[in-house]
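Asks: For the protein sequence lines, the chains are Y and A, in the order given.
Heads up: the first sequence begins at 1 in our numbering, then just goes up one per residue.
Heads up: the second sequence begins at 443 in our numbering, then just goes up one per residue.
Even for Gly, the Cβ is constructed at its ideal location relative to N, Cα and C.
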Amino acid sequence: MAPPVPPISWRPSQRAMRLLTAAVCALVPAIVFGAWWCVPLAAVPLLLLTAHGGSHPARIRAEADVPDRRCFEGETVTATIRLAADAAAGWTRQEYLPPRLRDFHEFDPTATPSGVRLESLELTGAVITVRLLVPRWGRWSLGAVAVDVYDTAGLRVAALQADLGEVEAFPVPAPDDTVLVPQRFPDRFGEHSARTPGEGVEFIAVRPYVFGDRQRRINWPATTRRRELQVNTFEAERAAEAVVVIDALSDLPQPPATEDLRPRSTLDIAVRGAAGLAQAYLKAHDRIGVVTLSGRVQWLTPGSGNAHLYRIAQTVMDLRKDFTYETGGLNRLPTRVLPRGALIYVFSPLLDPGVVEAIRDLADRGHPLVVIDVLAHEPHPTTAGKPDHLDMLALRLWRLDRQAVRFVLGELGVPVVNWDGVAPLDLALAPLLQMPVAGRAR
Amino acid sequence: MSQETAGSAEQGSALNRPFWAGYGVAMAVMGVGLPFWTWPPDFTDVFVLLAAVGTFMLLAQPYLGRPVVASMRLHRLAVVHRNTLLVGLFAVLVATHQPPVWAAGVDAVLLAGFLLLMDLVSIPAATLRRLVPPVLVIGLAALIAGSTALVALPASDASYRPILAAVAAAAALAAGVATAFGRAEARRVGSRGTDHQKQDRSPR
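(1) Would DSSP call residue 14 of chain Y helix, strand or coil?
(2) Here's the rule I'm using: 16 or more other beta-carbon atoms within 10 Å means buried, otherwise exposed. How should residue 394 of chain Y be labelled?
(3) Residue 532 of chain A: which of Y:78, Y:243, Y:18 sits nearest, CA to CA?
(4) Taking Cβ positions only, does residue 301 of chain Y come closer than 8 Å to chain A?
(5) How should residue 434 of chain Y be labelled, buried or exposed, when 16 other C-beta atoms within 10 angstroms of its C-beta is the threshold for buried?
(6) Looking at chain Y, is there any beta carbon in it that lies within less than 8 Å of the beta carbon of residue 566 of chain A?
(7) Could you check which residue in A:496, A:503, A:551, A:564 has the C-alpha nearest to that of residue 461 of chain A?
(8) How would you label residue 58 of chain Y, buried or exposed, when you count the other beta carbons within 10 angstroms and need 16 or more for buried?
(9) If contact is defined by three or more beta carbon pairs under 8 Å, each pair taking one atom from either stretch, is the stretch 191 to 204 of chain Y in contact with the stretch 223 to 238 of chain Y?
(10) Using 8 Å for Cβ pairs, my map puts residue 481 of chain Y next to residue 429 of chain Y. What's the rounded Cβ distance?
(11) If you draw a straight line from the alpha carbon of residue 234 of chain Y to that of residue 197 of chain Y, how long is it in whole angstroms?
(12) Helix, strand or coil: which one does DSSP assign to residue 92 of chain Y?
(13) Grab the span of the beta strand (DSSP E) containing residue 118 of chain Y for me, first residue to last.
(14) Taking Cβ to Cβ, would you say residue 445 of chain Y is nearer than 8 Å to residue 288 of chain Y?
(15) Relative to the C-alpha of residue 254 of chain Y, which candidate in Y:61, Y:419, Y:46 has its C-alpha closest?
(16) Taking 8 Å as the threshold (beta carbon to beta carbon), is residue 518 of chain A in contact with chain Y?
(17) For residue 203 of chain Y, I'd like the list of residues in its chain whose CB is within less than 7 Å of its CB, leaving aside the five on either flank, ordered along the chain.
(18) If I'm right that residue 132 of chain Y touches residue 123 of chain Y with Cβ under 8 Å, what's the distance once you round it to whole angstroms?
(19) Got a sec, what are the start and stop residues for the beta strand (DSSP E) residue 545 of chain A sits in?
(20) Let me check understanding here. Comparing Cα to Cα, which of A:552, A:483, A:569, A:515 lies closest to residue 470 of chain A?
(21) Relative to the alpha-carbon of residue 424 of chain Y, which residue among Y:174, Y:143, Y:40, Y:71 has its alpha-carbon at the smallest distance?
(22) Measuring only the C-alpha atoms, how far is residue 543 of chain A from residue 39 of chain Y?
(23) Can you say whether residue 92 of chain Y is buried or exposed, counting buried as having 16 or more other CB atoms within 10 angstroms of its CB?
(24) For a cutoff of 8 Å on Cβ pairs, would you count residue 459 of chain A as touching chain Y?
(25) Drop a sphere of 10 angstroms on the beta-carbon of residue 538 of chain A, count the other beta-carbons inside from all chains shown, and report buried for 16 or more, exposed for fewer.
(26) So if I threshold CB-CB distances at 8 Å, which residues from the stretch 384 to 416 of chain Y count as touching chain A?
(27) Please compile the residues from chain Y whose C-beta is within a distance smaller than 8 Å of the C-beta of residue 464 of chain A.
(28) Below 8 Å on the Cβ atoms is my contact criterion, and I expect residue 43 of chain Y with residue 586 of chain A to pass it. Report the Cβ-Cβ distance as a whole number of Å.
(29) What number of angstroms, rounded off, separates the C-alpha of residue 178 of chain Y from the C-alpha of residue 377 of chain Y?
(30) Compute the beta-carbon to beta-carbon distance between residue 590 of chain A and residue 547 of chain A, rounded to the nearest angstrom, for a pair I have assumed lies under 8 Å.
(31) So, helix, strand or coil for residue 411 of chain Y, using DSSP?
(32) Alpha helix (DSSP H) containing residue 517 of chain A: first to last residue?
(33) Can you list the residues of chain Y that residue 590 of chain A reaches, using a CB-CB cut of under 7 Å?
(34) Touching or not, the stretch 156 to 176 of chain Y and the stretch 66 to 78 of chain Y, by the rule of three or more beta carbon pairs under 8 Å?
(35) Can the beta-carbon of residue 153 of chain Y be found closer than 8 Å to that of residue 295 of chain Y?
(36) Exposed or buried, which one is residue 157 of chain Y when buried takes at least 16 other CB atoms within 10 Å?
Here it is as C-alpha cells:
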C-alpha cells in the first residue's frame with residue numbers, strides 16, 4: 001500500500017503578484033491622495049483577479065521511474081514522471097534540474113559540469129518524459145525534474161520535485177584483440193601454448209619412448225632412422241592470468257579526438273583500455289582481474305566468463321561518482337590480489353610518485369609487467385598568451401621528469417608503451433608480441 | 443491533470459526583445475507624461491524620463507522561468523520579479539502627476555495591454571482561451587472606457603457631462619454583463635468549463 005501523499009502548499013503565482021501589485025499601486029494613491037486618474041489603472045487588474053475563481057487539487061503526486069539504470073557511455077537514459085492529482089489543475093510547467101557539481105570543462109567550456117546532458121523534456125498527458133544523454137562512464141546523479149502546477153485561474157502555484165536517482169554508465173571497451181602472455185603460466189588449462197611439455201597440439205621435439213607413452217604419438221619416420229621407438233612431444237596448453245592496474249590518482253583532461261567526440265581524460269582512456277583488455281582476455285578464456293589505485297585500493301580477483309566483464313565494470317564504477325574523488329595514501333598492494341606469475345598491465349599517466357613506487361613493488365615481486373602510458377599530450381600554459389621563457393623552462397623540467405621516470409622503469413626492466421586512446425590498443429602492444437613478457441627473477 | 447505546458451513561448455519571447463523594450467519605452471514615456479510636458483522641460487524631468495526609459499526597457503522583458511532564486515539578494519529578486527516591479531513602478535509613476543483624461547485612458551490601456559501580453563506569453567494557448575475569452579476582453583475595454591469617462595466627469599465641460607455619463611453607464615453595463623457571462627460559463631452544469639475540469643481528473 002502506497003504511503004499517503006501529504007498535502008502540498010499553494011502560493012501566489014507570478015501572475016497573481018503582477019495583478020495584485022498593479023491594483024494596489026494604483027488604488028492606494030487614488031484613495032489616499034485623491035489621484036482619481038489612477039482608478040482606470042486599477043480596474044483591469046481587479047477584473048482579471050476576480051474574473052475566475054480558480055480551483056486546485058489538494059493532493060498531487062509525482063512518481064519518477066527510470067527503467068534502465070545501467071547503460072554504456074554515449075547511450076540515452078529515458079525517465080518517466082507520472083503526475084496524479086485528486087482534482088483538476090490548470091497547467092504545468094516543468095524544468096530539468098541538473099545535479100550541482102564541480103566544473104570540469106577545461107577543454108570544452110560549453111559542456112555542462114554534470115555527467116549527464118538533457119536531450120529532451122516532453123509532457124504527454126500526465127506523463128513527463130525526460131531523455132538524458134550519458135556521454136561518459138561513471139556513476140552519475142541524474143538530477144531532478146521540477147514541476148510547477150498552476151490552479152485553473154493561474155493565480156496559485158504549487159511546486160513538486162521528482163528525483164531521478166542515479167545511473168551507472170559502463171565504459172565502452174577499446175577495440176583490442178591482442179593478448180600478451182607471460183613466460184610462465186599457472187597450472188590451468190587454456191588456449192595458450194606454454195613452453196613446457198604437455199597435451200597440446202604444438203609440436204616441440206621427439207624423444208625416446210618410455211613405458212606408458214601413447215602408441216599414437218610414436219613418430220615412425222624418426223623411429224626408422226634411429227632404430228628405436230621415438231615419440232612426439234607437444235607443448236602444454238595453459239590459460240593466462242592477468243591483472244589490470246588502473247591509476248586513478250591523477251586524472252588530466254585530454255583534448256577530444258577528431259573522430260571520437262566522447263569526453264576524454266587520462267582516466268577515461270585508462271578505463272576504456274582496461275575494459276578492452278579484459279574483453280580480449282575473457283574472449284580467450286583467460287582469467288583477468290582489476291586493481292584500482294585511487295584514494296583507496298580496490299580490487300577484483302581474476303576470474304573468467306562473460307559476467308566477469310560486468311563485475312570489472314562495476315568495480316571501476318567506484319572510481320568516478322559525480323566527479324568526486326578521494327584522497328589518501330597508496331598502501332602496498334595486498335599479495336592475494338595478484339596471483340603468482342600473473343601478467344600485470346598498469347594503465348597510468350605516470351604523474352603520481354606513488355604509482356612509480358607501486359610499479360617498483362610489483363616488479364620486485366617478480367611479476368611480468370607492462371606499463372601503458374595514457375598521457376598523450378604535454379601540458380600547455382593556462383594563460384592564453386604566447387608562452388614565455390618561464391613556461392618553456394617549466395615544460396623542459398616536466399619533460400626531464402618524465403624521462404627520469406621512464407629511465408627508472410627501464411632500469412627495473414619494465415616495458416613502457418604509449419597509448420592515446422584513439423589508435424587501437426593492439427598497435428601499442430604490438431612490439432611486445434615478439435616474445436613472452438618476462439618478470440624479474442626473484 | 444492538464445496536458446498543457448508553458449514552455450513553447452520562451453523561444454518566441456527571446457526573439458521579441460526589441461518589441462518588449464519598445465513597449466517599456468512607451469510605458470516610460472506615458473508614465474512621466476512626456477506628451478503633455480511644458481517646453482523646455484526641467485533637467486529633473488529629463489533625468490526621470492531617461493532613468494524610466496532605461497529601467498522600463500529592462501523590466502519589460504518577460505521572465506518566463508520558474509520563480510526560483512538561488513539567494514535572497516535584491517538584484518536576484520529583481521530579476522525574477524521584474525515584470526511585477528514594472529507594473530508597480532508604472533502605476534506609481536502615473537500617480538505622481540495628473541495627466542489629461544485621454545492620457546489616463548492610454549495609461550490604463552498600456553497597463554492592461556502589458557498584463558494581457560504577459561498572460562499571452564506565459565500561459566498555454568488553450569488555457570489562455572479559457573481564462574481570457576473574447577467576452578472578457580470586451581469587458582476589459584468597456585471597463586477602461588467607463589472608468590476613464592467616470593473620472594473625467596468632475597473636470598469636464600457641462601455640455602459633455604451627459605455624454606460621458608452615458609458612456610460610463612454603457613461601459614459599466616457591458617463590463618458587468620461580460621463578467622457575468624464569463625463566470626456563468628464556468629458555473630453552468632455541462633458547460634465546456636466544467637467538462638474540461640472533469641476530464642482533467644487523473645487516476646488516483
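Replies: Let me lay it out:
(1) As a working note, residue 14 of chain Y is residue 14 in the first sequence. If DSSP states are grouped into helix, strand and coil, residue 14 of chain Y belongs with the helices.
(2) Reading the first sequence from its first residue, position 394 is the one you call residue 394 of chain Y. Residue 394 of chain Y comes out exposed.
(3) For the purposes of this step, residue 532 of chain A is taken as residue 90 along the second sequence, with counting starting at 1. Cα-wise, what sits closest to residue 532 of chain A is Y:18.
(4) Sequence index remark: in the first sequence, residue 301 of chain Y carries index 301 (1-based). It does not: the Cβ of residue 301 of chain Y has no partner Cβ on chain A nearer than 8 Å.
(5) Start at 1 with the first residue of the first sequence, and residue 434 of chain Y comes out as number 434. The residue in question, residue 434 of chain Y, is exposed, as its Cβ has fewer than 16 Cβ neighbours within 10 Å.
(6) In the second sequence, the residue the question calls residue 566 of chain A occupies position 124. Answer yes: the Cβ-Cβ gap between residue 566 of chain A and chain Y drops below 8 Å somewhere.
(7) Here residue 461 of chain A is taken as the residue at index 19 of the second sequence, counted from 1. Nearest C-alpha to residue 461 of chain A among A:496, A:503, A:551, A:564: A:503.
(8) Here residue 58 of chain Y is taken as the residue at index 58 of the first sequence, counted from 1. By the 10 Å Cβ count, residue 58 of chain Y comes out exposed.
(9) Judged by Cβ distances under 8 Å, the stretch 223 to 238 of chain Y makes contact with the stretch 191 to 204 of chain Y, as three or more pairs qualify.
(10) With chain Y running from 1 to 442 in the structure shown, residue 481 of chain Y is simply not present.
(11) The residue you call residue 234 of chain Y lines up with position 234 of the first sequence. The residue you call residue 197 of chain Y lines up with position 197 of the first sequence. Going from the Cα of residue 234 of chain Y to the Cα of residue 197 of chain Y covers about 5 Å.
(12) Working through the first sequence from its first residue, we reach residue 92 of chain Y at position 92. Note: residue 92 of chain Y maps to strand in three-state DSSP.
(13) Taking the first sequence and counting its residues from 1, the one referred to as residue 118 of chain Y is at position 118. First-last of the beta strand (DSSP E) with residue 118 of chain Y: 117 to 124.
(14) Residue 445 of chain Y is absent from the model: chain Y starts at 1 and stops at 442.
(15) Reading the first sequence from its first residue, position 254 is the one you call residue 254 of chain Y. Nearest option by C-alpha distance: Y:419.
(16) For the purposes of this step, residue 518 of chain A is taken as the residue at position 76 of the second sequence. Using beta-carbon distances, residue 518 of chain A does not count as an interface residue toward chain Y, since no partner is under 8 Å.
(17) On the first sequence, residue 203 of chain Y is found 203 positions in, with the first residue counted as 1. 232, 234, listed in sequence order.
(18) Taking the first residue of the first sequence as position 1, residue 132 of chain Y is located at position 132. Taking the first residue of the first sequence as position 1, residue 123 of chain Y is located at position 123. The Cβ separation is near 16 Å, so there is no contact.
(19) Locating residue 545 of chain A in the second sequence gives position 103, where the first residue counts as 1. That residue, residue 545 of chain A, is in no beta strand (DSSP E); its alpha helix (DSSP H) goes 543 to 564.
(20) Taking the first residue of the second sequence as position 1, residue 470 of chain A is located at position 28. Measuring from the Cα of residue 470 of chain A, the nearest candidate turns out to be A:552.
(21) For this step, residue 424 of chain Y is matched to residue 424 along the first sequence. Selected option, being the one with the closest Cα: Y:174.
(22) Numbered from its first residue, the second sequence carries residue 543 of chain A at position 101. Numbered from its first residue, the first sequence carries residue 39 of chain Y at position 39. Each residue's alpha carbon lies about 12 Å from the other.
(23) Along the first sequence, read from residue 1 onward, the residue named residue 92 of chain Y stands at position 92. Around the beta-carbon of residue 92 of chain Y, 16 or more other beta-carbon atoms lie within 10 Å, marking it buried.
(24) As a working mapping, residue 459 of chain A is identified with position 17 in the second sequence. Output row for residue 459 of chain A: interface = no.
(25) Position 96 of the second sequence, counted from the first residue, corresponds to residue 538 of chain A. Flag for residue 538 of chain A reads exposed.
(26) none
(27) Mapped onto the second sequence, residue 464 of chain A falls at position 22. Within chain Y, no residue comes near residue 464 of chain A; the closest Cβ sits about 20 Å away, beyond 8 Å.
(28) Your numbering for residue 43 of chain Y matches position 43 in the first sequence. Your numbering for residue 586 of chain A matches position 144 in the second sequence. Yes, they are in contact, since the Cβ atoms of residue 43 of chain Y and residue 586 of chain A sit about 6 Å apart, within 8 Å.
(29) Counting from one through the first sequence, the residue named residue 178 of chain Y turns up at place 178. Counting from one through the first sequence, the residue named residue 377 of chain Y turns up at place 377. C-alpha separation (whole angstroms): 25 Å.
(30) One-based indexing of the second sequence puts residue 590 of chain A at position 148. One-based indexing of the second sequence puts residue 547 of chain A at position 105. Contact holds; Cβ gap of about 4 Å.
(31) Against the first sequence, residue 411 of chain Y aligns to sequence position 411. In this structure, residue 411 of chain Y counts as helix in the three-state DSSP scheme.
(32) On the second sequence, residue 517 of chain A is found 75 positions in, with the first residue counted as 1. Element bounds for residue 517 of chain A: 516 to 522.
(33) Taking the second sequence and counting its residues from 1, the one referred to as residue 590 of chain A is at position 148. The contacting residues are 40.
(34) yes
(35) Walking along the first sequence from the start, residue 153 of chain Y turns up at place 153. Walking along the first sequence from the start, residue 295 of chain Y turns up at place 295. Result no, Cβ atoms of residue 153 of chain Y and residue 295 of chain Y do not sit closer than 8 Å.
(36) Taking the first sequence and counting its residues from 1, one reaches residue 157 of chain Y at position 157. Buried.
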